[in-house]
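I have placed the structure first, in the form of structure tokens, so that the comments after it can refer back to it.
Numbering (the working numbering), first residue to last: 14 to 516.
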């Protein structure tokens, strides 16, 4: 009888706890949300260009939006004030990344800096990036690599256009530039040599094979919202990830082994893998084999297509607005002249060029929803209750084109950034993210894009292929890229032929 009363007391306690939780959750005010269906939630509302779909829903329900998709809750923010509140008041709470199928397979046990859970490991990884890759001193050292690869591309363009105006595909050229820069920084050698690149077909084939290994990203897929689909092997998504990761891992292991065997290079010119191997010898627990591979992988995945895609958008905008192109060229001619090529030290003297790059990033943020964040516990945002375990998406596309935030938001107007206060207004312009998990490579990306675009404009005349405007239609992929590769007609500027001939 005593056991009966004990069990009864236990079950009554559990019953009342559940009732209290249900009452409290009912009283907690969640953000606005559309009508949802059982099991699938709001899946029927979401279209392929997700950032535009979420923008439309935000116009209807407000700048803070709460959605259910399968087993997950999603919070969408589309106003600077809410982003500021989130990443000042609740920055630590949203400092994690959601658990995903791609994250399980591509991050080497969550040691990838962009995907590692917030905590001791992440802080160590961030410190390695800040000190060994993206510090001002290392950015200055790597300027030699950036400059040499830009010059290599100039030689190829000059050879192609020396006999007269040439029609070039700029997407391929920008991708080639970025993969070669990253490969040289990581391993001390380009991924596509200049001889192979000079043969356009061979260069494209080599680059295609390399990109196939590193184009896959850490995006969320449908199996992350409906675990049953993962269990039944939906469309072979997980098997494809496993095969790709094996291929990547084999390449990275061979690359690292090759550099281990060729450690004769000067310490002053050592590449990233050599630096990480030295850290591994002194701090093996901090810089394990998996950490080395995850950082190298991050350099390729996060630092190549994103930057080359932005350059393609920027050049497309300039071709559609030749007056802006002429203004950039006049600024370079005034500050640099015709007797030498633009270099890293000239970039601070070219504010309009930087404005053009920023305006391209504003209009076409490569990651329009940024990388997802994940709430570690319950919090309050915008006066609403946000449950723990909620995925956070910041709609940069929506913020960057909000008429309440930007005057004539859909117009290409680089001049708007001349008076832009990057610190005071940073939540209006969130291309590189914000808060403690903002992109650590923003400085290097800006330097690379400005140097490449500025040098190409300094050395060549660029025109549209025909009279029609460049098609600015966006693709349906995860990255916000052009649906059609950019092509342009190029010819050397007479005043720069002598310089180009000496490269």
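Ideal Cβ positions, reconstructed from N, Cα and C, are used throughout, including at glycine. No experiment lies behind these values; they were computed from the predicted model shown.
Using three-state DSSP, classify residue i as helix, strand or coil.
i           : result
residue 501 : strand
residue 46  : coil
residue 89  : strand
residue 495 : strand
residue 483 : coil
residue 38  : Confidence at residue 38 is low in this model, with a pLDDT of 46, below 50, so the placement of that residue should be treated as unreliable; the coordinate-derived value is given next. Helix.
residue 407 : strand
residue 392 : strand
residue 359 : helix
residue 109 : strand
residue 98  : helix
residue 475 : strand
residue 387 : strand
residue 54  : strand
residue 526 : Missing from the structure shown is residue 526; the chain here goes from 14 to 516 and no further.
residue 340 : helix
residue 279 : The pLDDT assigned to residue 279 is 47, lower than 50, so where the model puts this residue is not dependable; a value taken from the coordinates is nonetheless given after this. Three-state result, residue 279: coil.
residue 348 : helix
residue 135 : helix
residue 144 : helix
residue 329 : helix
residue 64  : helix
residue 233 : coil
residue 72  : helix
residue 458 : helix
residue 380 : coil
residue 201 : coil
residue 416 : coil
residue 334 : coil
Quick test of your reading: residue i and residue j, contact by CB under 8 Å. State the CB separation rounded to the nearest angstrom.
i           : j           : result
residue 394 : residue 175 : With 8 Å as the limit, residue 394 and residue 175 do not qualify as a contact, their Cβ atoms being about 58 Å apart.
residue 348 : residue 359 : 6 Å
residue 265 : residue 309 : 6 Å
residue 483 : residue 329 : 5 Å
residue 450 : residue 108 : 6 Å
residue 425 : residue 351 : The pair is not a contact, with the Cβ atoms about 28 Å apart (cut-off 8 Å).
residue 121 : residue 410 : About 31 Å separates the two Cβ atoms, so there is no contact after all.
residue 163 : residue 464 : 6 Å
residue 178 : residue 502 : 5 Å
residue 377 : residue 326 : 4 Å
residue 111 : residue 79  : 16 Å between Cβ atoms; not a contact.
residue 70  : residue 51  : Going by Cβ atoms, the distance from residue 70 to residue 51 rounds to 20 Å, so no, they are not a contact pair.
residue 472 : residue 430 : Actually they are not in contact, since the Cβ atoms of residue 472 and residue 430 sit about 25 Å apart, beyond 8 Å.
residue 91  : residue 423 : Incorrect: roughly 16 Å between the Cβ atoms, too far for contact.
residue 457 : residue 147 : 6 Å
residue 93  : residue 412 : 6 Å
residue 198 : residue 267 : Rounded, the Cβ-Cβ distance is 18 Å, inconsistent with contact.
residue 337 : residue 427 : 6 Å
Straight-line CA distance for residue i to residue j?
i           : j           : result
residue 496 : residue 379 : 13 Å
residue 292 : residue 318 : 28 Å
residue 153 : residue 240 : 46 Å
residue 127 : residue 453 : 9 Å
residue 87  : residue 143 : 31 Å
residue 479 : residue 187 : 21 Å
residue 54  : residue 81  : 5 Å
residue 89  : residue 487 : 22 Å
residue 83  : residue 271 : 46 Å
residue 489 : residue 251 : 21 Å
residue 415 : residue 57  : 25 Å
residue 156 : residue 166 : 15 Å
residue 119 : residue 385 : 16 Å
residue 294 : residue 257 : 29 Å
residue 421 : residue 476 : 26 Å
What first and last residue would you give for the beta strand (DSSP E) that runs through residue i?
i           : result
residue 77  : 77-82
residue 449 : Unbroken run through residue 449: none, as it is neither H nor E.
residue 266 : Residue 266 -> not in any beta strand (DSSP E); alpha helix (DSSP H) instead, spanning 250-274.
residue 182 : 179-182
residue 397 : 397-399
With residue i as the anchor, note down where its alpha helix (DSSP H) starts and where it stops.
i           : result
residue 298 : Residue 298 -> no alpha helix (DSSP H), and no H or E assigned at all.
residue 515 : Looking at the DSSP string, residue 515 is not in any alpha helix (DSSP H), and its letter there is neither H nor E.
residue 428 : It is not in any alpha helix (DSSP H) - residue 428 carries neither H nor E in the DSSP assignment.
residue 376 : 364-376
residue 152 : 149-174
residue 315 : 302-316
residue 116 : 114-119
Does the ligand SAM have a heavy atom nearer than 8 Å to the CB of residue i?
i           : result
residue 238 : The model on display carries no ligand, and the ligand SAM is accordingly not part of it.
Can a CB atom of chain D be found closer than 9 Å to the CB of residue i?
i           : result
residue 151 : The chain labelled as chain D is not found in the depicted structure, where only one protein chain is given.
Flag this pair as touching only if the segment 388-405 and the segment 331-344 have three or more C-beta atom pairs under 8 Å; answer yes or no.
no
Counting Cβ pairs closer than 8 Å, one from the segment 186-193 and one from the segment 320-328, do we hit at least three?
yes
Could you check whether the segment 178-187 touches the segment 295-311, counting it as contact only if at least three pairs of C-beta atoms, one from each stretch, sit closer than 8 Å?
Under the three-pair Cβ rule at 8 Å, the segment 178-187 does not count as touching the segment 295-311.
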